[in-house]
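K.L.:
In order, the protein sequences belong to chains A and B.
The letter at position 70 of the first sequence is residue 70 when you use my numbering, and the numbering goes up by one with no holes.
The letter at position 352 of the second sequence is residue 352 when you use my numbering, and the numbering goes up by one with no holes.
For glycine and all other residues, C-beta sits at the position ideal for the given N, C-alpha and C.
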Amino acid sequence: MSAPTSGAAEPRRFAPAERYAELAALGDVELGARMLAAAPTHEGRSPERLRAWARTAIAVGTEMAGDADAAGSGAEARVAESTGGLRRDEVLLAEYRRRARGGTVVLYTDALDYARTVAEAAGWAADFPREAVRAAALDHECAHRLLHGPRGRDLRRRLDHTAAAVGRLRVRGHVVGADEIAAHAYAHRRGRMRRSPLLLTAAVAATLAHAGPPAPAAPASVPSPGGPA
Amino acid sequence: MTAFAILAVMAVGVGLMLTRRLPTAFALVLLSVAIALIAGAPLTGDEGSVTGTVLQEGAPMLASTMVAILLGSWLGTLMSETGIASTLVRKIVEFGGERPSVVAVGVFAVAIMCGSITGSAPAAMLAGVVGIPAMIAVGVPPVVAAGTVLVGIAAGLPLELINWQFLSDAIGVPVSTVQHFQLRMFPIAVVGGLAYILIEMRRRGTRHTWAVRVPAGGADGGSGPEAGGGPDAEGGHGAFTRAARRRERRGDAPWYALLTPVVPIALALGLEIPIVPSLLTGLVFALVTAVRWREMASTALRSLYRSFDVAAPPIVLFIAIGMLLAAVNLPGAVEALSPVVTAISPSSPLLFVAVFAVLVPLCLYRGPMNIFGLGAGVAGVLISGGIYPPPAVLGLMASYGQVLGVSDPTSTQTVWSAQYAGVRPERSMLSTIPYTWAVAIAGLVLTVWLYLL
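1. Spell out whether any CB of chain B is found under 8 Å from the CB atom of ALA68/A.
2. Does the Cβ of ALA1/B have 16 or more other Cβ atoms within 10 Å, making it buried, or fewer, making it exposed?
3. Report back the beta-carbon spacing between ILE387/B and THR342/B to the nearest angstrom; my notes put them in contact at under 8 Å.
4. If you draw a straight line from the C-alpha of GLU200/B to the C-alpha of PRO141/B, how long is it?
5. So, using beta-carbon positions, are ALA119/A and ALA183/A closer together than 8 Å?
6. Ignoring anything shorter than 4 residues, give me the alpha helix (DSSP H) runs that lie fully in the stretch 157 to 204 of chain A, in order along the chain.
7. Does the beta carbon of GLU98/B sit closer than 8 Å to a beta carbon anywhere in chain A?
8. Verify the CB distance criterion: does GLY235/B have a CB-CB separation below 8 Å to chain A?
9. If you measure beta-carbon to beta-carbon, which residues of the stretch 413 to 446 of chain B are closer than 7 Å to chain A?
10. Look at LEU325/B and GLY377/B and say whether their C-beta atoms are less than 8 Å apart.
11. Which one of PRO214/A, THR207/A and ALA38/A has the shortest CA to CA distance from ALA121/A?
12. Could you tell me which chain A residues have their CB closer than 7 Å to the CB of THR82/B, listed as they occur along the chain?
13. Bridge partners for ARG207/B per DSSP, in chain order?
14. Taking CB distances under 8 Å as the criterion, tell me whether ASP113/A reaches chain B.
15. From the DSSP secondary-structure annotation, give me the bridge partner or partners of ARG213/B.
16. Does the pairing of the stretch 418 to 429 of chain B with the stretch 159 to 171 of chain B give three or more beta-carbon distances under 8 Å?
17. Quick one: does PRO133/B have its CB under 8 Å from some CB of chain A?
18. Under 9 Å between beta-carbons, which chain B residues line up against GLY173/A? List them in chain order, please.
19. Tell me where the alpha helix (DSSP H) around TYR114/A begins and ends.
20. Name, going along the chain, the residues of the stretch 196 to 211 of chain B whose beta-carbon falls closer than 9 Å to a beta-carbon of chain A.
21. So is GLU131/A in contact with chain B if we call contact Cβ pairs under 8 Å?
22. Is there a Cβ from chain A that is less than 8 Å from the Cβ of ALA137/B?
23. Name the residues in the stretch 284 to 300 of chain B whose C-beta lies less than 7 Å from a C-beta of chain A; which are they?
24. For ALA59/B, which of helix, strand or coil comes out of DSSP?
25. Quick check: the Cα distance between ALA94/A and VAL130/B, rounded to an integer number of angstroms?
26. Against chain B, with Cβ distances strictly below 8 Å, would VAL79/A count as a contact?
27. Can you find a C-beta in chain A that's less than 8 Å from the C-beta of VAL143/B?
28. So, with DSSP's three-state summary, where would you put GLY96/B?
29. Out of ALA137/B, VAL381/B, LEU350/B and ALA311/B, which one is the CA nearest neighbour of ALA442/B?
30. Count the other CB atoms, across all protein chains shown, that sit within 10 Å of the CB of GLY15/B; report buried if there are 16 or more and exposed otherwise.
31. Quick one: any contact between the stretch 45 to 57 of chain B and the stretch 252 to 259 of chain B, if contact means 3 or more CB pairs under 8 Å?
32. Is it the case that the CB of GLU57/B approaches a heavy atom of the ligand MG more closely than 7 Å?
33. Nearest chain A C-beta to VAL130/B closer than 8 Å, yes or no?
Shown next as structure tokens:
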């Protein structure tokens, strides 16, 4: 029996085509703002404030990538590949583990394959080729490593969020999720991708919301349902 | 012979609870009736009977605790509804966000406050609903994020007024005796909790991910990814509409409302006001400081009704524990069990610490040393048989309470926190038990020092 090849045959495996099209029409700032809106601690923020923070975080991430390009530097952490990224309640594409004796980037190949499958379903196969998705994951975690240093402080300064103020005294606050947007922007610029990984993350999220978690078995073999290409 | 029959029935009860064939409360009620019958209690009658003493008098034996539970649950619900707990967490994350260990210690402090107000899963939710994803978002490993909330609410347990009332009722000591021990247990629990956070953060390091979480409500049920940092999964205006709804429902509470968690404990400790009025004052303080005047009555009533949902499981459990206590205190049961328990209970202080330290795992998985289950019966036997003075039994059970409150993978707070962080409860147990075991041993040493030397 051949595998189904149309969205109608397996309607819940991916999100509807119009959902992907809707996401593709959004700009990076709007995608970033939506990412912030879903992050903890931002429940009470205005959309304008979140967009401003997203814009700043994207700018910082892009500048970081430009500096890295100029310096010719890349990932300095140890890189490992693993499966097990498709979990009961999470699609884990990559993680950066930072310890006192050094950092490790782990790329979850099954989750990266799944993301790639989602991109195909959305009709963005050309925008997110397999190697680009892998490189984006690597760059994304590299950005997190960089954000542990002066770049992180720079991001905090430029976001300029006041956590508390007494008279003229102001305490600058941390913006949860801004580093994530900066890391996406870094990966976008470093990989010279046509579209931001923010869009891919949004598409995976939309797919999970529609279809639930993917089965943790060889997602690379999942046939394309013939998305809105 | 009677003693061994009772112990055999207790073992069957543990088996029923462990294998989840019966809910703990139901198993305890059946156990109470069985113990009473084995001990020779008549089925009916005013004195020492199954229906009169065990069921009728046992059911309301912990009534004071049940009232305290309801009030604590009401205060917890109000803290959630008015955004007091989430505002505390938000402020901590904003102040310390670049340093994951600082954020974890801050959430630990909030969890202590929540644990001093109410217990179990509601306390974990108060601190964890915002605290766990926020910790994960700043780089705290998920297993440590869950453990941080758990060690926090357990560190708040010695200050929890409900817990004072329960131990007082169950063990039969004055609240002042419970207070005396728990105030000395509190710093031990805090040090243990801090050790867990700082050592585990150093050992495991920080963790950043490119990940997308499955929406909390399941497919198409969606509230968007919870902790992975993905953008909202729903279409159109979903994210901002829901954020606006949440803002309306749970905006930032004013800074002075954030003092709510310390009001009851300050009154009970500082002014020696009894537990119920202390909790009621905390409720009034939360309402006055965090709710608009015209919404006060409706908010109070709504949160009170919601708190019945939260309070129902522990109240049912305490009805059953009351029956069990009544059963093991029947003259026939005391007469039968005392020689056996005396024979196996360590008499020297050193052995007391050593033996009960080894027995710590028996309070896990609803085991026989769980004070919120069969452990209450064991405590009753230890006291009624005159084996240890009641304050020593209090110290023993409070020490075990630190382990089961954090590490027991069948406790509702452990299950909720672990699953909310995306880890299995058993992993959470393995991560925390070296620390909670050490805290329990320190509690046993404290017990010996205070009451057995």
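P.N.:
According to the data block:
1. Taking CB atoms only, ALA68/A has no neighbour in chain B less than 8 Å away.
2. Residue 1/B is actually Met in this sequence, not Ala. Residue burial annotation: MET1/B is exposed, with fewer than 16 other C-beta atoms found within 10 angstroms of its C-beta.
3. Confirmed, about 5 Å.
4. Computed Cα separation, rounded: 9 Å.
5. At least 8 Å separates the beta-carbon of ALA119/A from that of ALA183/A.
6. Runs found: 178 to 190.
7. The Cβ of GLU98/B sits closer than 8 Å to at least one Cβ of chain A.
8. In this predicted model, GLY235/B has a pLDDT of only 35, less than 50, meaning its place in the structure is not dependable; the value taken from the coordinates is given anyway. The beta carbon of GLY235/B sits closer than 8 Å to some beta carbon of chain A.
9. Hits within the stretch, in order: GLY422.
10. Remark: C-beta atoms of LEU325/B and GLY377/B approach each other more closely than 8 Å.
11. Out of PRO214/A, THR207/A and ALA38/A, THR207/A has the C-alpha closest to the C-alpha of ALA121/A.
12. Here the premise fails: no neighbours, minimum Cβ distance about 13 Å.
13. Answer by DSSP bridge pairing, in chain order: ARG97/A.
14. Chain B contact via Cβ: absent.
15. Residue pairing by DSSP places ARG213/B opposite GLU90/A in a beta bridge.
16. Here the stretch 418 to 429 of chain B makes no contact with the stretch 159 to 171 of chain B; the two share fewer than three CB pairs at distances below 8 Å.
17. For PRO133/B, the answer is yes, since a Cβ of chain A falls inside 8 Å of its Cβ.
18. Going along chain B in sequence order, the residues near GLY173/A (Cβ under 9 Å) are LYS91, VAL93, GLU94, PHE95 and GLY97.
19. From DSSP, the alpha helix (DSSP H) with TYR114/A extends over 109 to 122.
20. Under the 9 Å Cβ criterion, the stretch 196 to 211 of chain B contributes ARG202, ARG203, ARG204, GLY205, THR206, ARG207, HIS208, THR209, TRP210 and ALA211.
21. Under the Cβ distance rule, GLU131/A does not count among the residues neighbouring chain B, no pair being separated by less than 8 Å.
22. At a cut-off of 8 Å between beta-carbon atoms, ALA137/B makes contact with chain A.
23. Cβ contacts with chain A: none found.
24. In this structure, ALA59/B counts as coil in the three-state DSSP scheme.
25. Near 24 Å, if we compare the C-alpha coordinates of VAL130/B and ALA94/A.
26. Chain B contact via Cβ: absent.
27. Judged by the 8 Å Cβ criterion, VAL143/B is not in contact with chain A.
28. GLY96/B falls in the helix class under three-state DSSP.
29. Check the Cα spacing between ALA442/B and each of ALA137/B, VAL381/B, LEU350/B and ALA311/B: the tightest is with LEU350/B.
30. Result: exposed.
31. The stretch 45 to 57 of chain B vs the stretch 252 to 259 of chain B: no contact.
32. Annotation note on the ligand MG: not contained in the displayed structure, which lists no ligands.
33. Proximity of VAL130/B to chain A, defined by a Cβ-Cβ separation below 8 Å, is satisfied.
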